[in-house]
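To start, the structure itself, in structure tokens.
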Amino acid sequence: MAQTHFGYQTVDEAEKARRVRGVFDSVASRYDVMNDLLSMGMHRAWKAYTVAVANVKPGDRVLDIAGGTGDLARAFARKVGASGTVVHTDINEAMLRTGRDRLLDEGLVLPTTTCDAEHLPFADASFDLVTVAFGLRNMTHKDGALREMGRVLREGGRLMVLEFSKVAAPLAKPYDWYSFNVMPKIGRFVAGDEESYRYLAESIRMHPDQQTLKSMMKEAGFGHVDVHNMSAGVVALHVGIKC
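Under my numbering, residues 3 to 245 are what the sequence shown spells out, in order.
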């Protein structure tokens, strides 16, 4: 069986899928609280910037992959209006259920489905915009997932990947110290799960940096890719246009 990485460990591909599922099953109920604590609320600004750059219009069709607790899906639904569609998806049922319930509590009823980004159950050219926020790094075959995202986009449609990336060199050491010493401890005390947040820190370091991901998106069929660094590169937004 082919092997891949799970954080810093080398595991069978099937084993990675099981372990990633276990991570998000464990943290789903405390995911939003932990995001606020670990990012000091900055994740809200990163997502708001993504929504602003997307500039969706009433009637647009949006696919939110790895949509989790529904932050982006909620924001896009309010912009596309009754004439548009936002499909809220995640491979992890616990995360998707948490997000669906939260959206319903706010009066938003969106199409919601559990699916694998590497094998999307949608027809070619179904969407104007595809988004994936903090989910690509957990995918086993990122190149295959990017091709699938391109497949379901119409010509001229856009893919937006919001993900942790390579921080600016002067901040690398303090960022590493925070990631490997503080984040797992917060995970232990707040979510009761230190190991999942140690995996989070490791998975960020194993994820392609800004230029590598830009190249991967171009190879997947996106003719133009812009990179927007945020918080000194802690996070980057990649915007690809299907040409």
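Don't be surprised by glycine CBs; every beta carbon is placed ideally from N, CA and C.
Source: prediction; values computed, not measured.
Same chain, Cβ closer than 8 angstroms to residue i, five either side skipped, listed in chain order
i      : result
Arg139 : Glu165, Phe166, Ser205, Ile206, Met208 and His209
Val227 : Lys216, Met219, Lys220, His240, Val241, Gly242 and Ile243
Asp145 : Met218, Glu221 and Ala222
Burial state of residue i (16 or more Cβ within 10 Å)
i      : result
Ser198 : buried
Pro172 : exposed
Asp92  : buried
His90  : buried
Asn57  : exposed
Arg200 : buried
Ser85  : exposed
Collapsed DSSP secondary structure at residue i in the structure displayed
i      : result
Val110 : Note that residue 110 corresponds to Leu in the displayed sequence, not to Val. The answer is coil: DSSP assigns Leu110 none of H, G, I, E or B.
Ala238 : strand
Phe191 : helix
His45  : helix
Gly101 : helix
Leu161 : strand
Val55  : helix
Leu122 : coil
Ala135 : strand
Lys244 : strand
Asn231 : strand
Thr142 : coil
Thr214 : helix
Gly152 : helix
Alpha carbon of residue i to alpha carbon of residue j, nearest angstrom
i      : j      : result
Gly159 : Asp62  : 10 angstroms
Arg190 : Thr214 : 33 angstroms
Lys81  : Ala54  : 10 angstroms
Ala16  : Glu150 : 20 angstroms
Asp103 : Asp211 : 34 angstroms
Asp118 : Met36  : 24 angstroms
Asp195 : Ala19  : 19 angstroms
Trp48  : Ser128 : 26 angstroms
Thr142 : Ile67  : 15 angstroms
Ser155 : Cys245 : First, the amino acid is wrong: residue 155 is Leu here, not Ser. Whole-angstrom Cα-Cα distance: 10 angstroms.
Val111 : Leu105 : 7 angstroms
Tyr180 : Met162 : 27 angstroms
Gly24  : Gly83  : 35 angstroms
Tyr177 : Val236 : 9 angstroms
Phe8   : Ala203 : 11 angstroms
Thr6   : Thr52  : 30 angstroms
Asp34  : Gly69  : 12 angstroms
Val64  : Phe124 : 12 angstroms
Met232 : Ala238 : 6 angstroms
Spatial neighbours of residue i in its chain, beta-carbon cut-off 7 angstroms, leaving aside the 5 residues before and after
i      : result
Arg32  : Val192 and Ala193
Met148 : Sequence check: residue 148 is Leu here, not Met. Answer for Leu148: Met218, Met219 and Ala222, listed in chain order.
Pro60  : Val82, Gly83, Ser85 and Gly86
Residues of its chain near residue i, where Cβ-Cβ distance is below 6 angstroms and the 5 sequence neighbours each way are ignored
i      : result
Thr114 : His90 and Arg102
Phe26  : Asn94 and Met97
Ala135 : Leu74 and Leu164
Cβ of residue i within 8 angstroms of any chain B Cβ
i     : result
Lys49 : As a matter of chain content, chain B is missing from the structure shown, which is built from one protein chain.
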